[in-house]
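Novice: Top line first, the protein sequences correspond to chains A and B.
Per the numbering used here, the first sequence starts with residue 1, numbered consecutively.
Per the numbering used here, the second sequence starts with residue 1, numbered consecutively.
Below is a structure I'd like to ask you about.
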Amino acid sequence: MDLTLNAEELHFRDTLRGWLLANVPPPWTVPLKSEESKRAHLEYLRAWQRTMFDGGWAGVSWPKEHGGRGITIIQQSIFQEELALAGAPQQLGVIGEGLVGPTIIAVGTEAQKQQFLKPLLKGEHIWCQGFSEPNAGSDLAALNTRAVLDGDHYVVNGQKIWTSFGHVANWCLLVVRTDASAAKHKGLTCLLVDMASQGVAVRPLKMMTGDSEFNEMFFTDVRVPVANVLGKVNEGWGVALTALGNERANLGTGLYMMFKRDCDALIAKAATIQRNGKPITDDPLVRQKLAQAHLDLEVFRLNSLRTLSGMNNTHAPGPEGSILKLYWSEMNQRNAQIALEVLGLSGQSWDFDEGRWAFNYLRSRGNTIEAGTSEIQRNIIAQRVLGLPRSY
Amino acid sequence: MEFDLSKPQKLLREAAQATLSQNCPLTRVRERMASQDIHDQSLWQLIADQGWVGLHLDETLGGLGLGLVELAVVAEEMGRACLPCPFLATTWAATLLAQVANSDSASTLSAMAEGSQTASVALMDQDSDWDVEHVQTQLNPTSAGWQLSGHKTMVLDAAEVDTLLCVVRKENEIAVVSVSTRASGVKCTPTQVLDATRKLYDVRFEGVAIAQKDMIAVGDQAILAIEYSTRVATIAACAEMLGAMQWIRETTLDYAKTRKQFDRTIGSYQAVQHQCADMLLMTESARAAAYYAAWALSVNAPDSNKSVAIAKAYCSDAGREVAHRGVQVHGGIGFTWEHDLHLFLKRIKVCEFLFGDASWQREQIAKLILM
Numbered sequence: 001m002d003l004t005l006n007a008e009e010l011h012f013r014d015t016l017r018g019w020l021l022a023n024v025p026p027p028w029t030v031p032l033k034s035e036e037s038k039r040a041h042l043e044y045l046r047a048w049q050r051t052m053f054d055g056g057w058a059g060v061s062w063p064k065e066h067g068g069r070g071i072t073i074i075q076q077s078i079f080q081e082e083l084a085l086a087g088a089p090q091q092l093g094v095i096g097e098g099l100v101g102p103t104i105i106a107v108g109t110e111a112q113k114q115q116f117l118k119p120l121l122k123g124e125h126i127w128c129q130g131f132s133e134p135n136a137g138s139d140l141a142a143l144n145t146r147a148v149l150d151g152d153h154y155v156v157n158g159q160k161i162w163t164s165f166g167h168v169a170n171w172c173l174l175v176v177r178t179d180a181s182a183a184k185h186k187g188l189t190c191l192l193v194d195m196a197s198q199g200v201a202v203r204p205l206k207m208m209t210g211d212s213e214f215n216e217m218f219f220t221d222v223r224v225p226v227a228n229v230l231g232k233v234n235e236g237w238g239v240a241l242t243a244l245g246n247e248r249a250n251l252g253t254g255l256y257m258m259f260k261r262d263c264d265a266l267i268a269k270a271a272t273i274q275r276n277g278k279p280i281t282d283d284p285l286v287r288q289k290l291a292q293a294h295l296d297l298e299v300f301r302l303n304s305l306r307t308l309s310g311m312n313n314t315h316a317p318g319p320e321g322s323i324l325k326l327y328w329s330e331m332n333q334r335n336a337q338i339a340l341e342v343l344g345l346s347g348q349s350w351d352f353d354e355g356r357w358a359f360n361y362l363r364s365r366g367n368t369i370e371a372g373t374s375e376i377q378r379n380i381i382a383q384r385v386l387g388l389p390r391s392y
Numbered sequence: 001m002e003f004d005l006s007k008p009q010k011l012l013r014e015a016a017q018a019t020l021s022q023n024c025p026l027t028r029v030r031e032r033m034a035s036q037d038i039h040d041q042s043l044w045q046l047i048a049d050q051g052w053v054g055l056h057l058d059e060t061l062g063g064l065g066l067g068l069v070e071l072a073v074v075a076e077e078m079g080r081a082c083l084p085c086p087f088l089a090t091t092w093a094a095t096l097l098a099q100v101a102n103s104d105s106a107s108t109l110s111a112m113a114e115g116s117q118t119a120s121v122a123l124m125d126q127d128s129d130w131d132v133e134h135v136q137t138q139l140n141p142t143s144a145g146w147q148l149s150g151h152k153t154m155v156l157d158a159a160e161v162d163t164l165l166c167v168v169r170k171e172n173e174i175a176v177v178s179v180s181t182r183a184s185g186v187k188c189t190p191t192q193v194l195d196a197t198r199k200l201y202d203v204r205f206e207g208v209a210i211a212q213k214d215m216i217a218v219g220d221q222a223i224l225a226i227e228y229s230t231r232v233a234t235i236a237a238c239a240e241m242l243g244a245m246q247w248i249r250e251t252t253l254d255y256a257k258t259r260k261q262f263d264r265t266i267g268s269y270q271a272v273q274h275q276c277a278d279m280l281l282m283t284e285s286a287r288a289a290a291y292y293a294a295w296a297l298s299v300n301a302p303d304s305n306k307s308v309a310i311a312k313a314y315c316s317d318a319g320r321e322v323a324h325r326g327v328q329v330h331g332g333i334g335f336t337w338e339h340d341l342h343l344f345l346k347r348i349k350v351c352e353f354l355f356g357d358a359s360w361q362r363e364q365i366a367k368l369i370l371m
C-alpha cells in the first residue's frame with residue numbers, strides 16, 4: 001500500500017499542469033438564459049475541446065493508435081483532478097469520449113473507427129446515447145424501438161427518453177430491436193445514427209429543477225446505413241453492456257472534485273452566517289452536519305482511489321463500479337440535504353448563491369435514478385459481486 | 001499509486017488468519033467469556049512469539065520495524081477472531097512508551113514485545129472525555145516526592161496488565177506516569193461493558209508514590225506522545241471493527257445463501273439482497289477509510305490527523321449498522337445467545353465508543369475544517 005504518485009505519474013501531472021496553465025480559457029460568466037447565450041456557450045465548450053485535441057489532451061485514456069495517450073487509470077484520475085483544479089471548462093464530449101468512443105474501439109469496424117474517432121476527439125461530433133425508453137428504464141432489454149432491414153438501410157421507428165446531450169448531439173449510439181421473435185436480450189442491435197437524418201425529432205424534457213439536461217427523441221422512418229451497425233446484428237445487448245460498464249467506471253473520477261467544490265463552498269458560506277447574533281459554525285449541530293458532509297465526501301474519495309487502484313491492476317471496469325455509483329449518488333443526496341439544513345429556509349431561495357443549493361438539492365434526487373437506479377445497483381452488487389441468485 | 005496491500009502485507013494477513021483460526025476458535029473465546037479470567041495467557045504468548053506485539057515499533061525497541069498498515073492488517077484479523085487478549089491496550093501503551101523512548105522504556109518495551117509484560121493507558125478522568133487537555137487528575141507534591149490520587153475511568157484491561165501509563169497534571173502541565181497495577185493504593189474495579197471478551201475498569205489511585213524514574217514524560221512531549229499513540233490505537237480499533245464487520249458480512253451472506261423460506265433461499269429475495277449489498281458497501285468503505293488512515297499516519301501525510309478521525313467516525317457508524325443488518329437478516333437465530341453474531345456485535349459496540357464515538361470524532365473534524 002502506497003498512495004504517493006510514482007515518478008511517471010508525477011511527470012504526467014506536472015506536464016499537464018503546465019499545459020493547463022497556458023491554455024485554460026477564462027471562465028464562462030454569461031448566464032445561460034437565452035437561446036443565444038446557450039449557443040455561444042456550446043461553441044465555447046467546443047473550442048475548448050478543440051484546444052484539448054490540438055494539445056494532445058483529448059481522449060487521453062484511449063490507446064495511442066486511436067489518437068489517445070494510453071494513460072493508466074490512475075493518470076485518468078490525476079487528469080480529472082488537474083482539470084478541476086485549473087478551473088477548466090466542463091468536457092463537452094463526456095458521452096462520446098467516455099462511452100461511445102471506447103465502445104467503437106472495442107467492437108467497431110475499421111471504417112467506423114476512421115469515420116468517428118477523430119471528429120469525436122476534435123469536438124466536431126457530439127454524441128448522445130439512445131438507450132432508455134418510456135417502457136424500458138431499468139429493464140433496458142425490454143426496449144421496443146424497431147429497426148427493419150430495407151435494402152442496405154435499417155428503417156428505425158420508436159421513442160427514446162432521458163437522453164443527455166440529445167439537444168446538442170449530432171450523433172447517437174442507438175439500441176434498437178432487430179429481431180422481435182428472439183428472446184428480449186437476443187434481438188437487439190446497436191446503430192450509429194446521424195441526428196440530422198430525416199425523421200429524427202428531439203424534445204427537451206424539463207427537470208424538476210426547471211432546467212433541461214435531457215430529452216425525448218422520436219424516430220419516424222429514420223434510415224440508417226447497414227454500415228453503421230456497431231458490433232454484430234442481434235448482439236447489441238453485449239455492446240450496450242460494454243458501453244454501460246464504461247459509463248459506471250467513468251463517472252466516479254471527476255465527480256469527487258465537483259462534490260468537493262460544493263462541500264467546500266458550503267463550509268465557506270456557513271462561516272459567514274450569523275444566527276441570533278452568533279456564528280452558526282459555533283452551533284454544535286451545524287458542526288456535526290458539516291463534519292459529516294466532509295467525511296462522507298472523503299470516504300467517497302478513498303473508495304474511488306481504491307477502485308481505481310484495483311482497476312489499474314485488472315485493466316477492466318468491474319461490477320465494483322456499482323458500489324461507487326451507489327455511494328456517491330446517496331452521498332450527494334445526503335449532502336445536498338445537509339446544505340439546506342445548515343443554511344436554513346433562505347438557502348432554498350433561487351436568489352441565494354444564484355440558487356446553487358436549491359438546484360443541488362433538487363438535482364440530487366435524480367442521482368439515485370440516472371445511470372442505473374440504486375435498486376438496480378444493489379441487485380448488481382448482490383448478484384454479480386456477492387453471488388446471490390437472480391431475483392425479482 | 002497502489003491502494004492494495006503489498007505482497008509481504010498479504011502474507012502477513014494470511015499468517016495472522018491461519019494462526020488465529022487455528023488457535024482462537026470462537027469456542028475458545030466463549031470459554032474465556034464464561035471464566036473470571038478473560039485473557040488467554042497462552043494465546044497472548046503465541047501472539048508475542050509471532051512478533052505482533054509492537055510490530056510497528058523500531059527493532060531497537062523490540063518491534064519488527066513494520067508500519068501502521070501492517071498493524072491494521074493484524075488488528076483486523078484479531079477483530080475477525082474476536083481475540084480475547086489485551087492487544088489494543090498494549091499497542092496503545094507500547095506506542096506511547098516508544099514515543100518517549102529512553103533506556104528504561106526500551107527494556108520495558110522489549111519485555112512487552114516478548115509477552116512477559118503488558119500495559120495499558122489510563123487517560124480519561126471520571127468526568128472527562130478522550131481529549132488529553134481535559135485531564136485534571138493531579139500529581140501532589142509531598143515531602144517524600146510525588147503522589148498520585150484520583151479516579152480514572154474506562155481503562156482497558158487495567159487489572160489484567162502489569163503497568164498503567166497514567167495521564168495526569170503535574171503543576172498544571174500534562175504528564176504521563178508509570179504505575180504498577182500491584183502498587184499500594186491502586187484499586188481496579190471492573191465495569192462490565194457489553195463486550196464480555198474485553199474488560200474496562202474504574203481505577204482509583206490513593207496516595208500512590210511516584211518515583212522520579214516513573215515520570216515518563218511531561219508537557220508538550222507528553223501531549224504529543226499521548227495524542228499520537230491514541231491515534232495509533234484508534235486505527236487498531238478501526239481495524240478490529242473492520243474484522244468484526246467482515247465476519248458478520250460473510251456469515252450473513254452464507255446464511256442468506258443456505259437458509260430457505262417459502263421453498264427458496266432467502267438470498268433470492270431482493271429485500272435480503274439489498275441488505276447484503278449495503279453491508280458490502282459499508283464494510284468496504286470502512287476498509288478504505290481505516291487503511292487510508294493507517295497509511296496516512298505512517299507517512300505523516302498532511303491530512304493524517306483528520307483521516308484518523310474520519311476513519312473512526314465512519315467505522316463507528318458503519319460497524320454498528322453492519323452488525324444490526326446482520327442480526328436482521330439472520331432473524332430469530334441471530335438474536336440468540338447461542339449464535340456467535342452477538343460476540344461481534346458487542347465487540348463493535350465497545351469499539352464504537354472507545355477513543356471517541358462518531359459524534360466526538362466529527363467534532364474533531366469540525367475543528368480541522370472550520371477555521
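By construction, the Cβ of each residue, glycine as well, lies at the ideal position given by its N, Cα and C atoms.
None of the values given here were measured: they were computed from a predicted structure.
Which one or two residues does DSSP pair with GLN212 (chain B) in a beta bridge?
Specialist: Looking at the DSSP assignment, GLN212 (chain B) forms no beta bridge with any residue, so it has no partner.
Novice: Which parts of the stretch 33-99 of chain A are runs of the beta strand (DSSP E), unbroken and 3 residues or longer, counting only runs that do not cross its ends?
Specialist: List check, beta strand (DSSP E) in window: nothing returned.
Novice: Between the alpha carbons of GLN112 (chain A) and ILE104 (chain A), how many angstroms are there, rounded?
Specialist: If you take the alpha carbons of GLN112 (chain A) and ILE104 (chain A), they lie about 7 Å apart.
Novice: Can you tell me which of the three DSSP states HIS153 (chain A) falls into?
Specialist: Three-state DSSP puts HIS153 (chain A) in a strand.
Novice: If you count every other CB in all the chains shown that lies within 10 Å of the CB of ASN360 (chain A), and 16 or more means buried, which is it?
Specialist: Buried: at least 16 other Cβ atoms inside 10 Å.
Novice: Using a Cβ-based criterion (distance less than 6 Å to any ligand heavy atom), does PRO8 (chain B) qualify as near the ligand SAH?
Specialist: Ligands in the displayed structure: none, and consequently the ligand SAH is not present.
Novice: Between the C-alpha atoms of GLY67 (chain B) and GLN90 (chain A), what's the straight-line distance to the nearest angstrom?
Specialist: Taking the straight line from one Cα to the other gives about 41 Å.
Novice: What residue does the alpha helix (DSSP H) around VAL233 (chain A) start on, and which one ends it?
Specialist: First-last for VAL233 (chain A): undefined, no H or E at that position.
Novice: Which residues in the same chain as GLN246 (chain B) place their Cβ atom closer than 7 Å to its Cβ, once the five residues preceding and following it in sequence are excluded?
Specialist: Cβ within range, chain order: ARG80, THR283.
Novice: Can you grab the Cα-Cα spacing for the pair LEU11 (chain B) / VAL350 (chain B), in whole Å?
Specialist: Whole-angstrom Cα-Cα distance: 29 Å.
Novice: Chain B partners of LEU302 (chain A), CB-CB under 7 Å?
Specialist: Going along chain B in sequence order, the residues near LEU302 (chain A) (Cβ under 7 Å) are ALA288, ALA289, TYR292.
Novice: Applying the criterion that 16 or more other CB atoms from any shown protein chain within 10 Å of the CB defines a buried residue, is ALA144 (chain B) buried or exposed?
Specialist: Label assigned to ALA144 (chain B): exposed.
Novice: Determine the burial state of TRP328 (chain A): buried for a count of at least 16 other Cβ atoms within 10 Å of its Cβ, exposed for fewer.
Specialist: By the 10 Å Cβ count, TRP328 (chain A) comes out buried.
Novice: Name the chain B residues whose beta carbon is nearer than 8 Å to that of ARG287 (chain A)?
Specialist: Within chain B, the residues near ARG287 (chain A) are ARG362, GLU363, ALA366, LEU370.
Novice: Closer than 8 Å by C-beta to VAL73 (chain B): which residues in its own chain qualify, once you throw out the five before and the five after it? Chain order, please.
Specialist: The residues are LEU5, GLN9, LEU12, ARG13, ALA16, ALA239.
Novice: Which residues bound the beta strand (DSSP E) around PRO8 (chain B)?
Specialist: First-last for PRO8 (chain B): 7-23, but that is the alpha helix (DSSP H), not the beta strand (DSSP E).
Novice: Flag this pair as yes or no: are the beta carbons of LEU386 (chain A) and ALA339 (chain A) separated by less than 7 Å?
Specialist: Result no, Cβ atoms of LEU386 (chain A) and ALA339 (chain A) do not sit closer than 7 Å.
Novice: Anyone know if the C-beta pair for LYS257 (chain B) and GLY243 (chain B) falls short of 7 Å?
Specialist: Taking 7 Å as the Cβ cut-off, LYS257 (chain B) and GLY243 (chain B) do not qualify as a contacting pair.
Novice: Going by DSSP in three states, TRP130 (chain B) sits in which element: helix, strand or coil?
Specialist: Looking at TRP130 (chain B) - three-state DSSP - the assignment turns out to be coil, as it is neither helix nor strand.
Novice: Would you say ILE376 (chain A) lies against chain B (beta-carbon separation less than 7 Å)?
Specialist: Judged by the 7 Å Cβ criterion, ILE376 (chain A) is not in contact with chain B.
Novice: Determine, using beta carbons only, whether ILE126 (chain A) comes closer than 7 Å to chain B.
Specialist: Answer no: the Cβ-Cβ gap between ILE126 (chain A) and chain B never drops below 7 Å.
Novice: Run down chain A in chain order and give the residues with a C-beta less than 8 Å from the C-beta of GLN17 (chain B).
Specialist: Correct list: empty, because the minimum Cβ distance to chain A is about 18 Å.
Novice: Identify each residue in the stretch 325-348 of chain A for which the Cβ-Cβ distance to at least one residue of chain B is less than 7 Å, and report them in chain order.
Specialist: Cβ contacts with chain B: LEU326, TYR327.
Novice: Output, in chain order, the set of chain A residues within a Cβ distance shorter than 9 Å of CYS276 (chain B).
Specialist: Here the neighbours are ARG378, ILE381, ALA382, LEU386, LEU388.
Novice: Name the chain A residues whose beta carbon is nearer than 8 Å to that of SER178 (chain B)?
Specialist: Within chain A, no residue comes near SER178 (chain B); the closest Cβ sits about 34 Å away, beyond 8 Å.
Novice: Is the CB of VAL299 (chain A) under 7 Å away from at least one CB in chain B?
Specialist: Yes, its Cβ sits closer than 7 Å to a Cβ of chain B.
Novice: How about VAL239 (chain A) and CYS190 (chain A): do their beta carbons lie closer than 7 Å?
Specialist: For VAL239 (chain A) and CYS190 (chain A), yes; Cβs fall inside 7 Å.
Novice: Taking its Cβ as the centre, do 16 or more other Cβ atoms sit within 10 Å of GLU36 (chain A), making it buried, or is it exposed?
Specialist: Per the 10 Å Cβ criterion, exposed.
Novice: Nearest CA to the CA of THR155 (chain A): which residue from A:ASP221, A:GLU124, A:PHE131, A:THR145?
Specialist: It is worth fixing the name first, because residue 155 (chain A) is Val in this sequence and not Thr. Of the candidates A:ASP221, A:GLU124, A:PHE131, A:THR145, the one whose C-alpha sits nearest the C-alpha of VAL155 (chain A) is A:ASP221.
Novice: Just grab the DSSP bridge partners of ARG325 (chain B) for me.
Specialist: Paired residues: none, contrary to the question.
Novice: Could you list which residues in chain A have their beta carbon closer than 8 Å to that of VAL69 (chain B), in chain order?
Specialist: MET1, listed in chain order.
Novice: Pick from B:CYS82, B:GLN45, B:GLY150, B:TRP52: whose alpha carbon is nearest that of THR27 (chain B)?
Specialist: Answer by Cα proximity: B:CYS82.
Novice: Could you check whether the Cβ of SER61 (chain A) sits closer than 7 Å to any Cβ belonging to chain B?
Specialist: With 7 Å as the cut-off, SER61 (chain A) does not count as an interface residue toward chain B.
Novice: Just the Cα atoms here: how many angstroms apart are CYS85 (chain B) and PHE3 (chain B)?
Specialist: Roughly 30 Å between the two C-alpha positions.
Novice: Count the C-beta pairs between the stretch 269-287 of chain B and the stretch 111-118 of chain B that are closer than 8 Å, then say yes if the count reaches three, no if not.
Specialist: No contact exists between the stretch 269-287 of chain B and the stretch 111-118 of chain B.
Novice: Are there three or more Cβ pairs, one per stretch, closer than 8 Å when the stretch 353-370 of chain B is compared with the stretch 285-294 of chain A?
Specialist: Because the criterion of three Cβ pairs below 8 Å is met, the stretch 353-370 of chain B and the stretch 285-294 of chain A touch.
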